[in-house]
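Chemist: In the working numbering, the protein residues as written are 1148 to 1278.
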């Protein structure tokens, strides 16, 4: 059976990312906007995603960048932005769906999959309000 296509060209049942939270901590040096939303564009046959990168500096979360990400198999079918690597220097996650990078979290692979007591979730807007 062939996949069904919507008028926008996305396979039905797959979340099509059109817009992501945007943030750039180096906005002055890179001459971009500091924060807001970003419309995602890409080749018609490529999947679009949102991403977030952040650091944990002595227990304080510092967002590095957020925005659109293009066609990465690691992001496929992930509606939540979750970093799973154990103790990365810079945390990275990606997801599919509009504004899915508004919340991002760290859940290292070493934990049992049903144990959420040690996961850490972050929300973009709580950081942006304090900036």
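Heads up, the beta-carbon is just placed ideally off N, CA and C, and yes, glycines get one too.
(1) Which of the three DSSP states is assigned to residue 1187 in this structure?
(2) For a quick check, are the C-beta atoms of residue 1164 and residue 1221 less than 8 Å apart?
(3) Helix or strand or just coil, what does DSSP make of residue 1232?
(4) Thinking C-beta only, is residue 1212 closer than 8 Å to residue 1170?
(5) For residue 1227, which of helix, strand or coil comes out of DSSP?
(6) For residue 1193, I'd like the list of residues in its chain whose CB is within less than 7 Å of its CB, leaving aside the five on either flank, ordered along the chain.
(7) Run the CB neighbour count on residue 1183, radius 10 Å, all protein chains shown included, and call it buried at 16 or more, exposed below.
(8) I'd like to confirm the pairing. Which residues does DSSP put opposite residue 1214 in its beta bridges?
(9) Expressed to the nearest angstrom, what Euclidean distance is found between the alpha-carbon atoms of residue 1151 and residue 1226?
(10) Measure the C-alpha to C-alpha separation of residue 1174 and residue 1180 and round it to an integer number of angstroms.
(11) I need the straight-line Cα distance from residue 1250 to residue 1228, nearest angstrom please.
(12) Please name the residue, chosen from 1214, 1215, 1199, that lies closest to residue 1208 on a Cα-to-Cα basis.
(13) Does DSSP classify residue 1245 as helix, strand or coil?
Modeler: Result, derived from the coordinates:
(1) coil
(2) no
(3) coil
(4) yes
(5) coil
(6) 1217, 1218
(7) exposed
(8) 1198
(9) For residue 1151, the predicted model reports a pLDDT of 36, less than 50, meaning its position is unreliable and no value from the coordinates is stated.
(10) 6 Å
(11) 7 Å
(12) 1199
(13) coil
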